[in-house]
Amino acid sequence: RIFLQSAAALGLAGLSAPLFAAARIKPSDKSALIVVDVQNCFVDGGTLPVKGGADVVPVINKVSTAFENIVLTQDWHTQGHASFASAHPGQKPFSSIKLGYGNQVLWPDHCVQGTDDAALHKDLKLPSAQLIIRKGYHKGVDSYSAFEEADRKTPTGLAGYLKARGIKTVFVTGLATDFCVAWTALDARKAGFEAYVIEDATRAIDLNGSLAKAWKEMQTKGVKRIQSSDIEMSA
Ligand code: VGL
Ligand code: ZN
Numbered sequence: 017r018i019f020l021q022s023a024a025a026l027g028l029a030g031l032s033a034p035l036f037a038a039a040r041i042k043p044s045d046k047s048a049l050i051v052v053d054v055q056n057c058f059v060d061g062g063t064l065p066v067k068g069g070a071d072v073v074p075v076i077n078k079v080s081t082a083f084e085n086i087v088l089t090q091d092w093h094t095q096g097h098a099s100f101a102s103a104h105p106g107q108k109p110f111s112s113i114k115l116g117y118g119n120q121v122l123w124p125d126h127c128v129q130g131t132d133d134a135a136l137h138k139d140l141k142l143p144s145a146q147l148i149i150r151k152g153y154h155k156g157v158d159s160y161s162a163f164e165e166a167d168r169k170t171p172t173g174l175a176g177y178l179k180a181r182g183i184k185t186v187f188v189t190g191l192a193t194d195f196c197v198a199w200t201a202l203d204a205r206k207a208g209f210e211a212y213v214i215e216d217a218t219r220a221i222d223l224n225g226s227l228a229k230a231w232k233e234m235q236t237k238g239v240k241r242i243q244s245s246d247i248e249m250s251a
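For the sequence shown, the residue numbers in this note's numbering are 17 to 251.
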């Protein structure tokens, strides 16, 4: 009110709206939407449910119409995968151990290749999506990131794919904010992409403060945190 009055007094009334409105972000033909792990395993009824996981589906369906390029990922583990607590005698889910490549959180058995649990959520409506990248299929190595496995040296091929198609900017959505979404966004930065995370199109596991830690790390590395309402939807 005070601002508007002084702006009007200065003859700036016409400028006051744009000064206050959040800048809208318009995806271009060099942008890609990455939809991470929106699978049955990560929603209620699945083997590793993320609280509110299914809530991302309508948000992703909606923002997807602003994108010409869409990539999905699927967590796609072997039976007896090294990230499963059940593969390590005496270990319980949500504890951590050291593996050859570093620290590994141990999870319940989840997203096993070819199971209904590993299928994409049935309400995802992304008919124009162009690539589904599967990850975590090496039995001894996890892969939160869509770009690189947890050994930090085995690429999935996604960076090459996106670069070959001239993509410069990625918008990351899906599950879970603090694991596969964050690692994907961080690796996108490492690979030279501009990276956004659309926060309300994600849900978190939040294990021992992992969510706050992930946002902090993403902020440090130049990942931009936005909301779906920040995306310009007009064609
Ligand atoms: C994920 C834990 C284990 C994820 C995948 O998609 O964030 N989290 N596997
Ligand atoms: Zn997994």
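Ideal Cβ placement from N, Cα and C applies to all residues, glycine included.
Extent of the continuous alpha helix (DSSP H) to which residue i belongs
i, result
"E2", "An answer regarding residue 2 cannot be provided, because it is not within the stretch 17 to 251 covered by the chain."
"I76", "72-80"
Reference residue i; option with closest CA among the options
i, options, result
"E248", "H104, A82, G130, V54", "A82"
"A162", "K151, R241, R168, L140", "K151"
"R241", "G118, I221, A211, A220", "A211"
"V72", "T63, Q55, K46", "Q55"
"G225", "D194, P143, V121, A204", "D194"
"H104", "D91, W92, V121", "V121"
"H154", "C127, T200, T94", "T94"
"G233", "S250, R219, V213, S244", "According to the sequence displayed, residue 233 carries Glu and not Gly. Residue V213 is the option with its Cα nearest to E233."
"F209", "V157, S47, S159", "S47"
"L147", "N119, K184, Y177", "Y177"
"D253", "A230, I50, S159", "Beyond the ends of the chain as shown, which are 17 and 251, falls residue 253; an answer cannot be given."
"H296", "G69, P43, F110, A180", "Shown here, the chain extends from 17 to 251; a query on residue 296 therefore has no answer."
"G238", "L223, K206, G190", "K206"
"P74", "G156, E84, V51, G96", "V51"
"L223", "G106, D139, Q107, S111", "S111"
Cβ shell of residue i (< 8 angstroms), same chain only, five flanking positions each side left out
i, result
"G27", "Its pLDDT being 48, under 50, G27 is placed unreliably by the model, and the measurement read from it follows with that caveat. Cβ within range, chain order: n/a, list empty."
"R40", "D246, I247, E248"
"D133", "Q55, N56, C57, G62, T63, H126, C127"
Limits of the beta strand (DSSP E) - the one that residue i falls within
i, result
"T89", "86-91"
"I50", "47-52"
"R150", "147-151"
"K114", "112-115"
"N119", "118-121"
CB-CB length for residue i against residue j, believed under 8 angstroms
i, j, result
"G53", "T89", "Per the sequence shown, residue 53 should be read as Asp rather than Gly. That belief holds up - the Cβ atoms of D53 and T89 are roughly 6 angstroms apart, short of 8 angstroms."
"I149", "V188", "Going by Cβ atoms, the distance from I149 to V188 rounds to 13 angstroms, so no, they are not a contact pair."
"A166", "F58", "The Cβ separation is near 18 angstroms, so there is no contact."
"S221", "V66", "The amino acid occupying residue 221 in the given sequence is Ile; Ser does not appear at that position. 6 angstroms between Cβ atoms; contact."
Proximal residues to residue i (C-beta, below 6 angstroms), its chain only, five neighbours per side dropped
i, result
"F19", "Here F19 scores only 46 on pLDDT, less than 50, and its place in the model should not be relied on; the value that follows carries that caveat. Result list for F19: empty, nothing under 6 angstroms."
"N119", "S112"
Own chain, CB closer than 7 angstroms to residue i, minus 5 neighbours either side, in chain order
i, result
"W123", "L64, S99, F100, A101, P109"
Those runs of the beta strand (DSSP E) which lie wholly inside the region 163-242 and span at least 3 residues
185-191, 210-219, 240-242
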